[in-house]
Amino acid sequence: MNVTQLRYLVTLAESTNATQAARDLNITRPALTNGIHQLEDELNIKLVTTSNNKISLTDQGKIAVAQAKIILSDVKTLYQLVGNQKDRVLKIGILSNIQPIMNELSSYEGQVNLSFQKPNELVQSVQNGQLDLAFTAFPNSMCPNDPQLHFDPVFDDHLGAFVISDNPLVAKHSLSYQDLQRENIIISHDHDNEQFIQQIIAKHGPLHIVFSTPGINLVHHIMDNETVLIGRKTQLDYSPDKDTIKLVELPIKELNQITFSFGWLYLDHHQFSKDERALIRRMTAGFY
């Protein structure tokens, strides 16, 4: 018994005419007849009867057709699953140019579709199936309240104030927000921390912001000993230009209490292939 024979039987049952069934299958009528006879011989039962060129199913034939349809449907699903896993492109969304992920994906051109989106866009894209996987952040461990979503945390981060190593502020044992207000501030913002910086300013008072940019790479080249950078620590740690200039973090309570949990977001029922799971593990390992 094989899939071809089962397909012959189902097509014959649906047409009730051997000539039309053979035409639908794009085979000759003798080939169809032989296929049905072989199936009957293997099962040792009579599946169809013929009268005046009209095909009728026996009671056992009706049972066989019902089961054959189930088997053919399962075979179709199997081909779709295997084909999709083999040929599909993994759709990943991330917040910004996160170097450990970019490094790992550089050798997967054509197998991965990478996009950059805002946090709320990443959540929506995962929910509606536009993304298979997203690397995103949730402030203060506030994950979306959606039972269909699964979040695997990778690391925690916080807002901080940073200066170059020869800045006089490095010598101070403690710093207050008021100390920060007397400095020239550079804001390195991205979509997940910009709103919190604005909230801090609204609550604790204005800052003398001389420059604001989402480009952390640019920040490394414009810092001097008279400026203070506000941003996330991992923006610096995972920047490709992190060795251009050495930055030291200053303890500022009002900033440090804003924390973020970074990790992988995906639909709880999503099935990743073995190769995709291995890729996710390698990307995750890049953060340690």
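Note that the numbering used here gives residue 1114 to position 119 of the sequence shown, counting from 1, and the numbers run on in steps of one. Here a beta-carbon is modelled for each residue, glycine too, at the ideal position from N, C-alpha and C.
- In this chain, Pro1142 is not harboured by any alpha helix (DSSP H), its DSSP state being neither H nor E.
- In terms of Cβ geometry, Ile1031 and Gln1055 do not form a close pair [threshold 7 angstroms].
- Looking at the DSSP output, Asn1179 shares a beta bridge with His1203, Thr1222.
- A direct Cα-to-Cα measurement between Ile1089 and Phe1150 gives close to 15 angstroms.
- Separation of Ile1182 and Gln1106 (C-alpha to C-alpha, rounded to the nearest whole angstrom) is 35 angstroms.
- By the 16-neighbour rule on beta-carbons within 10 angstroms, Arg1177 is exposed.
- Here the alpha carbons of Ser1207 and Ile1217 stand approximately 11 angstroms from one another.
- The residues Met996, in chain order, have a CB closer than 7 angstroms to that of Glu1037 in the same chain once the five nearest residues on each side in sequence are set aside.
- Between the region 1267-1283 and the region 1165-1179, the count of C-beta pairs closer than 8 angstroms stays below three; the two stretches do not touch.
- Out of Ala1132, Ala1156, Gln1125, the CA that lies nearest to the CA of Phe1255 is found in Ala1132.
- In this structure, DSSP gives Ser1110 an extended state, which the three-state scheme calls strand.
- By the criterion of a C-beta distance shorter than 7 angstroms, Leu1175 is surrounded in its chain by Ala1156, Leu1202, Val1223, Ile1247, once the five residues flanking it on both sides are discounted.
- In this structure, Leu1007 is the residue among Thr1028, Asn1029, Leu1007, Pro1025 with its C-alpha nearest to the C-alpha of Asp1019.
- Runs of the alpha helix (DSSP H) lying entirely within the region 1256-1282 and spanning at least 4 residues, in chain order: 1269-1280.
- When the alpha-carbon of Asn1047 is set against those of Thr1014, Glu1035, Val1060, Gln1033, the nearest one is in Thr1014.
- Distances from the CA of Val998 to each of Arg1024, Asn1021, Ile1058, Lys1071 were compared; the closest alpha carbon is that of Lys1071.
- One alpha carbon belongs to His1145, the other to Lys1086, and they sit about 16 angstroms apart.
- A Cβ-Cβ contact shorter than 7 angstroms links Asp1161 with Asn1220.
- For Thr1023, there is no enclosing alpha helix (DSSP H), as DSSP marks it with neither H nor E.
- The beta carbons of Glu1035 and Leu1042 sit about 5 angstroms from each other, so the pair counts as a contact at 8 angstroms.
- Within the model, the alpha-carbon separation for Thr1045 versus Leu1052 is close to 9 angstroms.
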